[in-house]
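Participant: Quick note: the sequence shown uses this note's numbering, first residue 6, plus one each step.
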Amino acid sequence: MLALAEIPLESLRQYSTGLYTTGVVAADLDGDGDIDIALSNRGTNNITIRFNNGLGFFPDRIDVPTGGGPRYVDGADFDGDGDFDLCTPDYYADTATVLRNDGEGTFTITHQFPLSKTVFLWTDDLDRDGNHDMIVLQWDEAAESPSHSPALMTPFYGRGDGDFDEGASAYIGLQPRGGASADINGDDIPDIVTANLISGDLTVLIGTGNRTWAEPATIDVGGYPRYLTLCDLDGDMDIDIAAVSKDTNECWILHNDGSGSFTLAQTRPTSNLPHSIASGDLDLDGDEDIVITHVGSWSSLAYFNDGSGYFPESQLITMTDGPAEVKLADLDSDGLLDIITANVENDARGLSVIHQGNCELLEDCNENGIQDHCEFDDDCNLNGTPDSCEIADGSSSDIDGNGIPDACQNDCNGNEIPDAWEIAIGVSSDCNGNNVPDNCYCDGDMIINGCEEDLNHDLLPDDCQCFADLDNNGSVDVLDFLEVISQWGGIAQPPQPPASADLNGDLVVDVSDLLIVNAAWGSCPPPLPDDFGGCCTPLGICVITRELNCKVIMGDYLGNGTTCDDVDCDLLP
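Listed below in structure tokens is the structure:
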């Protein structure tokens, strides 16, 4: 039956990530004692790390490159320096990537092991030598049809110094999607279970010691096994299995007889297209509960254990934007497990976090009757403190007085002044009226393309001028194309006047200038406003801008209506 809520849950909080986020791991990544979150983005080939501010909120973010198409992320202290390193299975790059942590949350790629269609990985100490190992599931590239042939479990045994020894692979089912390791037969040697989507079964690999494995055993469950977790569900001190079936929308509970033989004890319906499952004691009653996320439904589910390994009651959990992998962790150090998921459908909300709690009114800095950390509409920087309180106490600036911290507003040139305010007071010009300052270096290369196209690098958006109209006939056309051809080749060095067809200023007229003409093809834009003019910048180059903006950058303004034609800023007094 569907029960009323068994645990109190606060409202959903979501954070931005990269594109197509599917994997998540929770660990202290920067060494400050609280739990941070790393997420794998298979669409942008990187990991997003969201750092905990100590209160269970994640305002700060960095992105770390990986191999192509990282489906999941996990980690451990691979090099014995006391911090948490990361690893990813890179499906499109056919690699497994290892990233070393410097102890403060900065990661560097140290290994990229060549494999084939790496679909999943996790970490464990398989050989009980005290070092963390990496277990990778991959296709068998030697098979005639890898996608419809038994796949491989390939272990990488950690040496303890950050390096690994690749172990012998073992065969598992077709197209595995998830796996886990634990001692399932009571011999104190880790074993492995994988969920195999296409063959409709679970593979059990019994560890026999000395980095070897018994012949694979198969548990025929039917359906489409997508993900599993291993834990003691029925309290008899052995490891059971909970797994989800993707297309049949089921959760299977399999009880262990203590020797590694499993019996299907219960099948529970799920929401649409279950993706992942995690276990933990959600309600603090001493047994393992489970949470299942679904890429095809806004309602994920918590199932509550009755103590005997059966799950008669469940609770709906609102998790939007295609929740994929789920993990449980105590993010705010209150002794309760919180829910974390990677979301595949929306990079603006690629991470979901739901805290256990009921928003009891304990802190109310703005006296509006709402617990501070539950004010989702007044917390643009996602740090758990209302924006209005931060502005009032001076911890956040609000230069334009609009009630929104400046750090939450667009600031494309990184000068800590909101773009809209810069334009409104005339500090920055906006010649094309698109609410983006003309001097924005969005991609970090000091060329304003990225926010505004600037093919000739004069710090003025191309759609505000007609620099490629070499014959001044009001349009960029075939005549300008022919003018470039007529000036083809190297040009005279200063103090000779520059060639008009050297549109990118590289002292040669060549195919790059032809491409600029082609890109600017068509009628010229309207002339610039009268209050624009040339400005010699401290870098010695001339740009077209407003007088106030020229003064802001400590330049020499040449006057309204002036141009940069034949201007040598280095010769100015």
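Cβ coordinates follow ideal geometry from the N, Cα and C atoms, glycine included.
Tell me the rounded alpha-carbon separation between GLU380 and GLN271.
Facilitator: Within the sequence shown, the letter at position 375 stands for residue 380. Within the sequence shown, the letter at position 266 stands for residue 271. Between GLU380 and GLN271, the C-alpha separation is close to 40 angstroms.
Participant: Thinking C-beta only, is ASP384 closer than 8 angstroms to ASP392?
Facilitator: For this step, residue 392 is matched to residue 387 along the sequence shown. For this step, residue 384 is matched to residue 379 along the sequence shown. Result yes, Cβ atoms of ASP392 and ASP384 sit closer than 8 angstroms.
Participant: Looking only at its own chain, which residues have a Cβ that is under 7 angstroms from the Cβ of ARG231, when we skip the five neighbours before and after it?
Facilitator: Translated into positions along the sequence shown, residue 231 becomes position 226. Once the five neighbours on either side are set aside, the close Cβ partners of ARG231 are ARG182, GLY183, ALA200, LEU202, VAL249, SER250, LYS251, PRO279 and HIS280.
Participant: Can you pull the DSSP bridge partners for SER45?
Facilitator: Taking the sequence shown and counting its residues from 1, the one referred to as residue 45 is at position 40. SER45 pairs with GLY28 and ILE52.
Participant: For SER276 and LEU259, what's the separation of their Cα atoms in angstroms?
Facilitator: Taking the sequence shown and counting its residues from 1, the one referred to as residue 276 is at position 271. Taking the sequence shown and counting its residues from 1, the one referred to as residue 259 is at position 254. Their backbone Cα atoms lie some 20 angstroms apart in a straight line.
Participant: Taking the beta carbon of LEU367 as the centre, do at least 16 other beta carbons fall within 10 Å, making it buried, or is it exposed?
Facilitator: Within the sequence shown, the letter at position 362 stands for residue 367. With fewer than 16 Cβ atoms within 10 Å of its Cβ, LEU367 is classed as exposed.
Participant: The alpha helix (DSSP H) spanning VAL516 covers which residue range?
Facilitator: Counted from its first residue, the sequence shown places residue 516 at position 511. Its alpha helix (DSSP H) spans residues 516-524.
Participant: Relative to the C-alpha of PRO530, which candidate in SER505, ILE211, CYS469 and ASN509 has its C-alpha closest?
Facilitator: Along the sequence shown, one-based indexing puts residue 530 at 525. For the residues SER505, ILE211, CYS469 and ASN509, the minimum Cα distance to PRO530 belongs to CYS469.
Participant: Can you confirm whether LEU341, when its beta carbon is compared against all beta carbons of chain B, has any partner nearer than 8 angstroms?
Facilitator: Considering every chain present, this structure includes no chain B. It has just one protein chain.
Participant: Please report the distance separating the alpha-carbon of MET451 from that of LEU157.
Facilitator: As a position in the sequence shown, residue 451 is number 446, starting the count at 1. As a position in the sequence shown, residue 157 is number 152, starting the count at 1. At MET451 the pLDDT is 47, less than 50, meaning the model places this residue with poor confidence; the figure from the coordinates comes in the next sentence. Distance between the alpha carbons of MET451 and LEU157 is about 47 angstroms.
Participant: Which residues mark the beginning and the end of the alpha helix (DSSP H) in which GLY236 is found?
Facilitator: Within the sequence shown, numbered from 1, the residue matching residue 236 stands at position 231. As written in the sequence, residue 236 is Cys, which differs from the Gly given in the question. Not the alpha helix (DSSP H): CYS236 falls in the beta strand (DSSP E), residues 230-236.
Participant: Return the first residue and the last residue of the beta strand (DSSP E) that PHE161 is part of.
Facilitator: Here the question's residue 161 lines up with position 156 in the sequence shown. Counting along the chain, the beta strand (DSSP E) containing PHE161 begins and ends at 155-163.
Participant: Identify, in the order they occur along the chain, each residue of the same chain with its Cβ nearer than 6 angstroms to the Cβ of PHE486, setting aside the five sequence neighbours on each side.
Facilitator: Here residue 486 is taken as the residue at index 481 of the sequence shown, counted from 1. Result list for PHE486: VAL522, in chain order.
Participant: For TYR229 versus GLY205, is the C-beta distance shorter than 8 angstroms?
Facilitator: Stepping through the sequence shown from its first residue, residue 229 is reached at position 224. Stepping through the sequence shown from its first residue, residue 205 is reached at position 200. Yes, these two residues count as a Cβ contact at 8 angstroms.
Participant: Residue range of the beta strand (DSSP E) that SER284 falls in?
Facilitator: Here residue 284 refers to the residue found at position 279 when the sequence shown is read from its first residue. 279-285 is the span of the beta strand (DSSP E), which, as asked, contains SER284.
Participant: Which same chain residues end up closer than 7 angstroms to THR22 when comparing Cβ atoms and leaving out the 5 residues on each side of it in sequence?
Facilitator: Walking along the sequence shown from the start, residue 22 turns up at place 17. Taken in chain order, the residues that qualify are LEU44, ASN46, THR53, ASP352, GLY355 and LEU356.
Participant: Would you list, in sequence order, the uninterrupted beta strand (DSSP E) runs of no fewer than 3 residues that lie entirely inside the stretch 331-405?
Facilitator: Taking only runs of at least 3 residues, the beta strand (DSSP E) segments lying wholly in the stretch 331-405 are 343-348 and 356-359.
Participant: How would you call ILE490, buried or exposed, if buried means at least 16 neighbouring beta carbons within 10 angstroms?
Facilitator: For this step, residue 490 is matched to residue 485 along the sequence shown. Counting Cβ neighbours within 10 Å, ILE490 comes out exposed, since fewer than 16 surround it.
Participant: How about TRP257 and VAL226: are their beta carbons less than 8 angstroms apart?
Facilitator: Taking the sequence shown and counting its residues from 1, one reaches residue 257 at position 252. Taking the sequence shown and counting its residues from 1, one reaches residue 226 at position 221. Against a cut-off of 8 angstroms, the Cβ pair of VAL226 and TRP257 comes out as a contact.
Participant: Under three-state DSSP, which class holds LEU202?
Facilitator: Counted from its first residue, the sequence shown places residue 202 at position 197. In the structure shown, LEU202 sits in coil (DSSP, three-state: anything other than H, G, I, E or B).
Participant: Less than 8 angstroms separating the beta-carbons of ILE375 and ILE359?
Facilitator: Within the sequence shown, numbered from 1, the residue matching residue 375 stands at position 370. Within the sequence shown, numbered from 1, the residue matching residue 359 stands at position 354. No; because the gap between Cβ atoms is not below 8 angstroms, this pair is not in contact.
Participant: Of all the options ALA473, GLY539, THR390 and TYR162, which has the alpha carbon lying nearest to the alpha carbon of LEU520?
Facilitator: In the sequence shown, the residue the question calls residue 520 occupies position 515. Considering only alpha carbons, the answer is ALA473.
Participant: Just curious, the beta strand (DSSP E) that GLU318 is in, first and last residue?
Facilitator: Residue mapping note: residue 318 aligns to position 313 of the sequence shown, counting from 1. Taken as a continuous stretch (DSSP letters only), the beta strand (DSSP E) holding GLU318 covers 318-323.
Participant: Mapping DSSP to helix, strand and coil, what is LEU7?
Facilitator: Sequence index remark: in the sequence shown, residue 7 carries index 2 (1-based). Since pLDDT at LEU7 reaches only 44, below the 50 mark, its modelled position is unreliable, and the value read off the structure follows with that caveat. In the structure shown, LEU7 sits in a strand (DSSP, three-state: E or B).
Participant: GLY80: buried (16+ other C-beta within 10 angstroms of its C-beta) or exposed?
Facilitator: Position 75 of the sequence shown, counting from 1, holds the residue named residue 80. Under this definition GLY80 is a buried residue.
Participant: CB-CB under 6 angstroms to ILE430, same chain, minus the five flanking residues each way: which ones, in chain order?
Facilitator: Indexing the sequence shown from 1 puts residue 430 at position 425. Excluding residues within five positions, none has a Cβ falling inside 6 angstroms.
Participant: Could you pull the DSSP bridge partners for GLY59 from this structure?
Facilitator: Within the sequence shown, the letter at position 54 stands for residue 59. Note: GLY59 sits in no beta bridge, so no partner.
Participant: Just to confirm before moving on: does the CB-CB distance between ASN261 and ASP288 stay below 8 angstroms?
Facilitator: Taking the sequence shown and counting its residues from 1, one reaches residue 261 at position 256. Taking the sequence shown and counting its residues from 1, one reaches residue 288 at position 283. No, the pair does not count as a contact, with Cβ atoms beyond the cut-off.
Participant: Could you please give the first and the last residue of the uninterrupted alpha helix (DSSP H) stretch that includes PHE267?
Facilitator: Taking the first residue of the sequence shown as position 1, residue 267 is located at position 262. That residue, PHE267, is in no alpha helix (DSSP H); its beta strand (DSSP E) goes 267-274.
Participant: In angstroms, rounded to a whole number, what distance separates the CA positions of TRP493 and ASP482?
Facilitator: Counting from 1 along the sequence shown, the entry for residue 493 is found at position 488. Counting from 1 along the sequence shown, the entry for residue 482 is found at position 477. So the alpha carbons of these two residues sit roughly 17 angstroms apart.
Participant: Exposed or buried, which one is TRP144 when buried takes at least 16 other CB atoms within 10 Å?
Facilitator: Numbered from 1 along the sequence shown, position 139 holds the residue referred to as residue 144. TRP144 should be labelled buried.
Participant: For ASP294, count neighbouring C-beta atoms within 10 Å of its own C-beta (all shown protein chains included) and say buried if the count is 16 or more, exposed if not.
Facilitator: In the sequence shown, counting from the first residue as 1, residue 294 sits at position 289. When all chains shown are included, ASP294 counts as buried.
Participant: Who does TRP218 pair with in a DSSP beta bridge?
Facilitator: Numbered from its first residue, the sequence shown carries residue 218 at position 213. DSSP output for TRP218 lists GLY212 as bridge partner(s).
Participant: Is the separation between the beta-carbon of PRO151 and that of VAL124 shorter than 8 angstroms?
Facilitator: Counting from 1 along the sequence shown, the entry for residue 151 is found at position 146. Counting from 1 along the sequence shown, the entry for residue 124 is found at position 119. Their beta carbons are not under 8 angstroms apart, which means PRO151 does not touch VAL124 by this criterion.
Participant: Considering just the uninterrupted stretch of the beta strand (DSSP E) at GLU255, what are its terminal residues?
Facilitator: Residue 255 sits at position 250 when you count from the first residue of the sequence shown. GLU255 -> beta strand (DSSP E) spans 255-261.
Participant: To the nearest angstrom, how far is the alpha carbon of LEU306 from that of ILE322?
Facilitator: Position 301 of the sequence shown, counted from the start, is the residue given in the question as residue 306. Position 317 of the sequence shown, counted from the start, is the residue given in the question as residue 322. Using only the alpha carbons, I get a separation of about 6 angstroms.
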